[in-house]
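Residue numbers (our numbering): 944 to 1320.
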């Protein structure tokens, strides 16, 4: 079975995306996929991430071939639980050829680990390589960390882990510095200036320590909410009311029944026989806006809902100062860099995988979808 999978991998490495239907537009743009439907006006082309509808009038020519999508699905259809390494090989092909997508790569890698924990290092490395190529360094760092804990003897995995760890650590230090500066602004009572930095710091390492130093906040989100409640609303500048958008601040509308005259006139053969107050507007000529009944021409601010900000109150300046000091300790290198990657460093030799990709038991591919082994046709 392993030899068969290796042969499949070699063949597909050379042929993946090489014999697709190629649609060449008059503009020079090319699309590769499989023509699945067409009529006199359009064609439908199935590509790796969906189906495109292209106008025939815009097409120069179509070069028929075997669909890349079909090639990719053939590769997946050859996988079997008896060969866990084959799933990693398939995931590696996705990375090397740009086939599939992130969820597909992760599913393949996680299935491999669930079947054989010895595949963890290779499988997590593939996930890291995929996200690194896509520019998602944070997600790549997490995967490389998992790969490193499983196979710390691999020089390539160690190099990738250290490279991405240091990059993410630098990024986290910048975010941590911003949090410390924002807390200082809060200590000084400059809440409006502190707001943006504090709101953006919920996931910064050390932010969760707020409850240790300021017990009135059970978590960092409570701290953010309290700051937000004390800052005047930007939308209404703290006035709580804004111009009514329904009547544009006029407070009402010209009555359409009497054209704003307030009088209803009855005529017979062009002769006025009766004049009376308009029933629609009670003779006022205008109809009161229903949106701004409470205050003519104004409505409660849609952002703050007309709720006044809290009074400044008494800040626990000592607690906030200690919180800031704890954050700054991390800038001095007193916190392990691996914590700044995201997950805490696991015991070396530990294997890990995301059970969400395997808990449904659908670990083989058949008929264009993932199914359970006993459901394979």
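Just so it is clear, CB atoms sit at the ideal spot from N, CA and C, and this is done for glycine as well.
Beyond the five residues adjoining it in sequence on each side, residue 1065 comes within less than 7 angstroms, by CB distance, of 1031 in the same chain, given in chain order.
Counting the other Cβ atoms within 10 Å of the Cβ of residue 1236 gives fewer than 16, which makes it exposed.
In the three-state DSSP reduction, residue 1167 falls in the helix class (H, G or I). Judged by their CB atoms, residue 1090 and residue 1067 are nearer to each other than the 8 angstroms cut-off. In this structure, residue 1024 and residue 1306 form a Cβ contact; the two beta carbons are roughly 6 angstroms apart against a cut-off of 8 angstroms. Residue ranges of uninterrupted alpha helix (DSSP H) with 4 or more members, entirely inside the stretch 986-1041 and ordered along the chain, are 1011-1020 and 1027-1040.
If you check the CB distance, residue 1300 and residue 1053 come in under 8 angstroms. Bridge pairing for residue 1147: absent [DSSP].
Between the alpha carbons of residue 1042 and residue 1078 lies a distance of about 16 angstroms.
In this structure residue 1148 is buried. Its beta-carbon is surrounded by 16 or more other beta-carbon atoms within 10 angstroms. Residue 1202 carries a coil assignment under DSSP once its states are collapsed to helix, strand and coil. Here residue 1170 is buried. Its C-beta has 16 or more other C-beta atoms within 10 Å. DSSP, reduced to helix, strand and coil, places residue 1275 outside both helices and strands of the structure shown, so it counts as coil.
Within 10 angstroms of the beta-carbon of residue 1049 lie 16 or more other beta-carbons, which makes it buried. The criterion of a C-beta distance shorter than 8 angstroms is not satisfied by residue 1016 and residue 965.
Beyond the five residues adjoining it in sequence on each side, residue 1218 comes within less than 7 angstroms, by CB distance, of 1206 and 1208 in the same chain, given in chain order.
In this structure, the alpha-carbon of residue 1150 lies about 40 angstroms from that of residue 1040. Under DSSP, residue 1061 forms no beta bridge with any residue.
For residue 1142, the enclosing alpha helix (DSSP H) has its first and last residue at 1134-1142. When only Cα atoms are considered, residue 1227 and residue 1215 end up about 21 angstroms apart. In the DSSP assignment, residue 1309 falls within the unbroken beta strand (DSSP E) covering 1307-1309. Annotation: the continuous alpha helix (DSSP H) that includes residue 1092 extends over 1080-1093. The Cβ atoms of residue 1243 and residue 1152 do not sit closer than 8 angstroms to each other. Counting the other CB atoms within 10 Å of its CB gives residue 1057 a total of 16 or more, which places it among the buried residues.
In the DSSP annotation of this structure, the continuous segment of the beta strand (DSSP E) that includes residue 1230 starts and ends at 1229-1231. Check the Cα spacing between residue 1022 and each of 1195, 1003 and 1309: the tightest is with 1309.
A direct Cα-to-Cα measurement between residue 1200 and residue 1232 gives close to 16 angstroms.
Distance from the CA of residue 1177 to the CA of residue 1133, rounded to the nearest whole angstrom, comes to 15 angstroms.
Per the DSSP secondary-structure output, residue 1220 pairs in a beta bridge with 1206. When DSSP states are grouped into helix, strand and coil, residue 1234 belongs to the coil group.
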